[in-house]
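Residue numbers (UniProt numbering): 1 to 290.
Every residue gets a Cβ at the ideal spot worked out from N, C-alpha and C, and that includes glycine.
Since we're looking at a predicted model, the values are computed, not measured.
Here is the structure:
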């Protein structure tokens, strides 16, 4: 499958922004991506959302090239991006109406209310965003994204500005919703514990320029894990140590990868981390064409 790359801003680099690398996102999978600021995480997410244009090759979803924004992908940004003049439920109904323009008002209302109930905001349907806390606003954004039932949900550090207690509560709610709906999710985070709690796999990006997907970490904890159980599982600490070691030391390695398919490691199983090579089907490829 042809590769995909994004040209860097001309004022920064004269060379392409990534070395060649390739990864997949399977249906129903929760994938997190971690890397230092400036390595290109948000550009990858924007490309998945159709908000960035590829300069080389292509990016495909369900066998079709992503060429622009679409309602088959829902996005939750770092800020809630709510329309302040609309009520909570009207913000969600706006997305539902765009997704299903032939639905009746009652159907649209029911769909919006259902997902607001799922994020614990059934009591705040008719409040304006200015009446909500930061955590509640982000819940509305999450409900709006889920309510259009996208094939893929894209999350750009949606909890980064929240306090630790609120962030933990919303993480738990998100985990329950994802498990109930089998939603496919791609999420940017800087929080190692958050990535382990939520994801099936974690993509580790090296530093730029010529950043690449250096490793893919499979989270070997039970999928039905809870925060409490996770912190009592010795595998959690092996995975966490592996991620921290990469971010502190190995992410700075500027040498290009020898293979376009990053190694898949399972640090939760044993030490040193097992390296697996069974995943070869490419959905997304970043970098120069071979």
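Exercise for the section: Find the nearest neighbour of residue 162 within the set 99, 134, 23, judged by alpha-carbon distance. Expected result: 134
Problem - Spatially closest choice to residue 45 from 249, 235, 25, by CA coordinates - result: 25
Handout entry: Member of 192, 112, 107, 104 whose CA lies at the smallest distance from the CA of residue 201
Key = Ranking the options by Cα distance to residue 201, first place goes to 192.
Exercise for the section: State the Cα-Cα distance for the pair residue 199 and residue 113, rounded to the nearest angstrom. Expected result: 27 Å
Handout entry: Spatial neighbours of residue 177 in its chain, beta-carbon cut-off 6 Å, leaving aside the 5 residues before and after
Key = 118
Handout entry: Per DSSP, cross-strand counterpart(s) of residue 156
Key = 188
Exercise for the section: Starting from the N-terminal side, write out each stretch of the beta strand (DSSP E) that is 3 residues or longer and does not extend beyond the region 48-126. Expected result: 73-76
Practice task
Could you name the residues that DSSP lists as bridge partners for residue 218?
Solution key: 201
Practice task
Answer with buried or exposed for residue 82, where buried requires no fewer than 16 other C-beta atoms within 10 angstroms of its C-beta.
Solution key: buried
Practice task
Output the distance between the C-alpha atoms of residue 220 and residue 247, rounded to the nearest integer angstrom.
Solution key: Cα to Cα, residue 220 sits roughly 20 Å from residue 247.
Handout entry: For residue 225, the three-state DSSP class (helix, strand or coil)
Key = coil
Problem - Spatially closest choice to residue 203 from 47, 129, 238, 217, by CA coordinates - result: Closest option to residue 203, Cα to Cα, is 217.
Exercise for the section: Out of 30, 79, 237, 22, state which residue places its alpha-carbon closest to the alpha-carbon of residue 59. Expected result: 22
Exercise for the section: Using beta-carbon positions only, say whether residue 179 and residue 223 come within less than 9 Å of one another. Expected result: yes
Problem - Cβ-based neighbour list, residue 168, same chain, cut-off 8 Å, excluding 5 preceding and 5 following - result: 227
Practice task
Decide if residue 65 is buried, meaning its Cβ has at least 16 other Cβ atoms within 10 Å, or exposed.
Solution key: exposed
Problem - Cβ shell of residue 148 (< 6 Å), same chain only, five flanking positions each side left out - result: Here the set comprises 71, 74, 95, 99.
Practice task
State yes or no: is the C-beta of residue 182 within less than 9 Å of the C-beta of residue 28?
Solution key: Between residue 182 and residue 28, the C-beta spacing is below 9 Å.
Handout entry: Delimiting residues of the beta strand (DSSP E) encompassing residue 239
Key = Segment 234-248 is the alpha helix (DSSP H) holding residue 239; no beta strand (DSSP E) there.
Problem - Proximity winner among 69, 196, 106, 132, relative to residue 231 (alpha-carbon distances) - result: 196
Practice task
Kindly give me the distance between the Cβ atoms of residue 190 and residue 137, rounded to whole angstroms, as I take these residues to be in contact under 8 Å.
Solution key: The pair is not a contact, with the Cβ atoms about 20 Å apart (cut-off 8 Å).
Problem - Where the alpha helix (DSSP H) through residue 177 begins and ends - result: Counting along the chain, the alpha helix (DSSP H) containing residue 177 begins and ends at 164-181.
Practice task
On a CA-only basis, which of 266, 208, 263 is nearest residue 35? Give me that one, please.
Solution key: 208
Handout entry: N-terminal and C-terminal residue of the alpha helix (DSSP H) that residue 34 is part of
Key = Note, residue 34: premise wrong, no alpha helix (DSSP H); beta strand (DSSP E) at 30-34.
Practice task
Go ahead and pull the three-state DSSP assignment for residue 142.
Solution key: helix
Problem - Three-state secondary structure assigned by DSSP to residue 40 - result: Correct three-state label for residue 40: coil.
Exercise for the section: Select from 141, 250, 186 the residue whose C-alpha is nearest the C-alpha of residue 152. Expected result: Of 141, 250, 186, the residue nearest in Cα terms is 186.
Problem - Backbone CA spacing between residue 93 and residue 63 [nearest angstrom] - result: 30 Å
Handout entry: Closest Cα partner of residue 242 within the set 269, 30, 107, 52
Key = Nearest option by C-alpha distance: 269.
Problem - Beta-carbon proximity of residue 309 to residue 158, cut-off 9 Å - result: In this structure the chain extends from 1 to 290, so residue 309 is not present and cannot be described.
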